[in-house]
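Engineer: For the sequence shown, this note's numbering assigns the number 1 to the initial residue and increments by one for each residue that follows.
By construction, the Cβ of each residue, glycine as well, lies at the ideal position given by its N, Cα and C atoms.
Quick one: this structure, given as structure tokens, is what I'll be asking you about.
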Amino acid sequence: MEIHHLLFVSELNQELEKLLAPYQIEKDIRFKKEEDIQSSDLQWADAFVSFKTKKSYDYGKVKWVHSLGAGVDHFLFQKDWDENVLLTRTICSFGERISEYCLSFLLKDLQFHDRFTEHQSEKCWQPIKPRMLKESKIVIYGTGEIGQKLAVVLSSFGVEVYGVSLSGKQKAGFKQVFKTEDHCMMLKSVDYMINTLPLTKKTEQLFNDRIFSNLSQAGFINVGRGESVAESDLLTALDTEQLRFAVLDVFANEPMPAEHPFWKEPRITITPHISAVTTAEEAVQCFVETLERVENDRPLQNQVDIEKGF
């Protein structure tokens with residue numbers, strides 16, 4: 001594929017331009033903020049490079065769209081896509097970052113950090129035996145690159161790790177992988193469940209009463225997409241003790257509105273979408289590598305399957 005004109009659309013354009021300079025890319029490049037984009041820019045561009053846009057564009061005018069983030073739901077979800085346009089995404093240290101994020105909250109729970117903090121404020125000396133990771137049973141939704149990395153990390157500690165995916169295909173790191181439609185039978189014995197799934201028509205509102213009703217005092221960590229969770233069902237699951245706590249890094253509306261009930265729920269821990277931050281350095285490196293492969297018609301590990309949505 002011949003690429004001559006590159007259009008970067010990001011609030012980080014100044015930093016991206018600086019990081020791209022050493023690569024000496026011999027292309028015509030425009031760096032624009034979204035509010036400055038004209039229809040003529042899309043007609044001019046061969047490639048559209050962005051993290052997330054607020055508006056919808058006619059990407060049929062370009063040859064290639066590249067996401068500076070791992071997710072592509074903002075390009076595809078509930079939108080039509082021209083099959084002639086190549087869509088790629090950024091792949092970097094997301095699996096490692098998300099693994100450390102999840103591990104931190106799992107250990108916090110197993111080591112009773114909150115309980116001991118309460119005891120300290122009460123000047124109460126009350127030993128409690130910490131639980132161990134290897135005593136835990138965890139189910140991970142999503143067995144792609146991120147889910148697999150998380151499974152490998154957790155299983156290395158002796159955790160009994162199960163996976164759930166649309167295909168149910170067995171993957172390394174998982175004791176067993178189930179299909180989404182027939183996995184509920186194994187949830188009653190699960191200690192924690194972690195969502196890493198992308199947002200698609202099949203994963204929208206996936207975490208609802210159908211899943212929560214099978215749980216008993218489980219912990220839930222969401223690092224996938226906020227739209228995958230039925231929020232009212234999550235609150236009900238906490239009230240009925242199907243869930244013991246929830247750690248949420250992603251939300252249907254970001255930033256989350258101040259009036260949202262999650263803010264006041266003590267059993268919910270909120271983090272502002274930081275479990276897998278894409279650094280500008282990583283984004284640029286992945287883009288340059290992808291550009292080289294695109295121009296030389298080499299295999300792409302980060303090409304998005306339009307039908308699947310990831």
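1) According to DSSP, is threonine 290 helix, strand or coil?
2) For the beta strand (DSSP E) holding histidine 5, just list the boundary residues, first then last.
3) Could you name the residues that DSSP lists as bridge partners for glycine 219?
4) Give the secondary structure of serine 121 by DSSP, where H, G and I count as helix, E and B as strand, and everything else as coil.
5) Excluding the 5 residues preceding and the 5 following aspartate 209 in the sequence, name in chain order all residues of the same chain whose CB lies nearer than 8 Å to its CB.
6) Are the CB atoms of isoleucine 194 and cysteine 92 nearer to each other than 7 Å?
7) Take the Cβ of threonine 279 as the centre, count every other Cβ of all protein chains shown within 10 Å, and call the residue buried at 16 or more, exposed below.
8) Contact defined as beta carbons within less than 8 Å: I believe isoleucine 268 pairs with leucine 248. What is the distance between those atoms, to the nearest angstrom?
9) State buried or exposed for tyrosine 59, treating a residue as buried only when at least 16 other CB atoms are found within 10 Å of its CB.
10) Do serine 10 and serine 39 have their CB atoms nearer than 7 Å?
11) Tell me which same chain residues have a C-beta within less than 6 Å of the C-beta of glutamate 282, skipping the five on either side of it?
12) Determine the extent of the alpha helix (DSSP H) in which tyrosine 23 is found, giving its start and end residues.
13) Measure the beta-carbon distance from valine 284 to leucine 19 and round it to whole angstroms, keeping in mind my assumption that it falls under 8 Å.
14) Give a yes or no on whether the C-beta atoms belonging to valine 177 and serine 165 are separated by under 7 Å.
15) Give, in chain order, every unbroken run of the alpha helix (DSSP H) that is at least 4 residues long and sits entirely within the segment 108-157.
16) Pull up the distance between the alpha-carbon of leucine 154 and that of glycine 168, whole angstroms please.
17) Taking the alpha-carbon of cysteine 124 as reference, which of Asp191, Arg131 and Phe116 has the nearest alpha-carbon?
18) Taking 7 Å as the threshold (C-beta atoms), are valine 62 and alanine 45 in contact?
19) Buried or exposed for histidine 4, please, with buried defined as at least 16 other CB atoms from any protein chain shown within 10 angstroms of its CB.
20) Does the Cβ-Cβ distance between glycine 219 and aspartate 305 come in under 7 Å?
21) I need the DSSP call for glycine 163, collapsed to helix, strand or coil.
22) With a Cβ-Cβ cutoff of 7 Å, do glycine 226 and alanine 252 count as a contact?
23) Kindly give me the distance between the Cβ atoms of glutamine 148 and glycine 173, rounded to whole angstroms, as I take these residues to be in contact under 8 Å.
24) Run through the DSSP bridge pairs and tell me what lysine 179 is partnered with.
25) Given 6 Å as the limit, tell me if glycine 144 has its C-beta closer than that to any heavy atom belonging to the ligand GDP.
26) Rounded to the nearest angstrom, what separates glutamine 301 and arginine 293 at their Cα positions?
Structural biologist: According to the structure data:
1) The residue you call residue 290 lines up with position 290 of the sequence shown. Reduced to three states, the DSSP call for threonine 290 is helix.
2) Taking the first residue of the sequence shown as 1, we reach residue 5 at position 5. Start and end: 5-9.
3) Taking the first residue of the sequence shown as position 1, residue 219 is located at position 219. Bridge partners of glycine 219: Tyr192 and Phe245.
4) Start at 1 with the first residue of the sequence shown, and residue 121 comes out as number 121. Here serine 121 sits in helix by DSSP.
5) In the sequence shown, residue 209 corresponds to position 209, counting from 1. Ala230, Asp233, Thr236 and Ala237, listed in sequence order.
6) In the sequence shown, counting from the first residue as 1, residue 194 sits at position 194. In the sequence shown, counting from the first residue as 1, residue 92 sits at position 92. It is not a contact, given that the beta carbons lie outside the stated cut-off.
7) Counting from one through the sequence shown, the residue named residue 279 turns up at place 279. Under this definition threonine 279 is an exposed residue.
8) Looking up residue 268 in the sequence shown gives position 268. Looking up residue 248 in the sequence shown gives position 248. Their Cβ separation, rounded to whole angstroms, is 6 Å, which keeps isoleucine 268 and leucine 248 in contact under 8 Å.
9) Stepping through the sequence shown from its first residue, residue 59 is reached at position 59. Classification of tyrosine 59: buried, given that the 10 Å Cβ count is 16 or more.
10) Translated into the one-based positions of the sequence shown, residue 10 becomes position 10. Translated into the one-based positions of the sequence shown, residue 39 becomes position 39. No, the Cβ-Cβ distance between serine 10 and serine 39 is not below 7 Å.
11) In the sequence shown, counting from the first residue as 1, residue 282 sits at position 282. For glutamate 282, where only same-chain residues beyond five positions count, the Cβ hits under 6 Å are Cys92.
12) Position 23 of the sequence shown, counted from the start, is the residue given in the question as residue 23. Element bounds for tyrosine 23: n/a, residue is neither H nor E.
13) As a first step, residue 284 is located in the sequence shown; it is residue number 284 there, counting from the start. As a first step, residue 19 is located in the sequence shown; it is residue number 19 there, counting from the start. With 8 Å as the limit, valine 284 and leucine 19 qualify as a contact, their Cβ atoms being about 4 Å apart.
14) Position 177 of the sequence shown, counting from 1, holds the residue named residue 177. Position 165 of the sequence shown, counting from 1, holds the residue named residue 165. Yes.
15) 113-121 and 145-155
16) On the sequence shown, position 154 is the one that residue 154 refers to. On the sequence shown, position 168 is the one that residue 168 refers to. If you take the alpha carbons of leucine 154 and glycine 168, they lie about 20 Å apart.
17) Position 124 of the sequence shown, counting from 1, holds the residue named residue 124. That would be Phe116, whose Cα lies nearest to the Cα of cysteine 124.
18) Position 45 of the sequence shown, counted from the first residue, corresponds to residue 45. Position 62 of the sequence shown, counted from the first residue, corresponds to residue 62. A contact, by the Cβ cut-off of 7 Å.
19) Looking up residue 4 in the sequence shown gives position 4. That one is exposed.
20) The residue given as residue 219 occupies position 219 in the sequence shown. The residue given as residue 305 occupies position 305 in the sequence shown. No, these two residues do not count as a Cβ contact at 7 Å.
21) Position 163 of the sequence shown, counted from the start, is the residue given in the question as residue 163. Strand, per DSSP.
22) The sequence position of residue 226 within the sequence shown is 226, counting from 1. The sequence position of residue 252 within the sequence shown is 252, counting from 1. Yes, these two residues count as a Cβ contact at 7 Å.
23) The residue labelled residue 148 in the question sits at position 148 within the sequence shown. The residue labelled residue 173 in the question sits at position 173 within the sequence shown. The pair is a contact, with the Cβ atoms about 5 Å apart (cut-off 8 Å).
24) Translated into the one-based positions of the sequence shown, residue 179 becomes position 179. Ser165, per the DSSP bridge assignment.
25) The model depicted lacks the ligand GDP and carries no ligand whatsoever.
26) Taking the first residue of the sequence shown as 1, we reach residue 301 at position 301. Taking the first residue of the sequence shown as 1, we reach residue 293 at position 293. Near 10 Å, if we compare the C-alpha coordinates of arginine 293 and glutamine 301.
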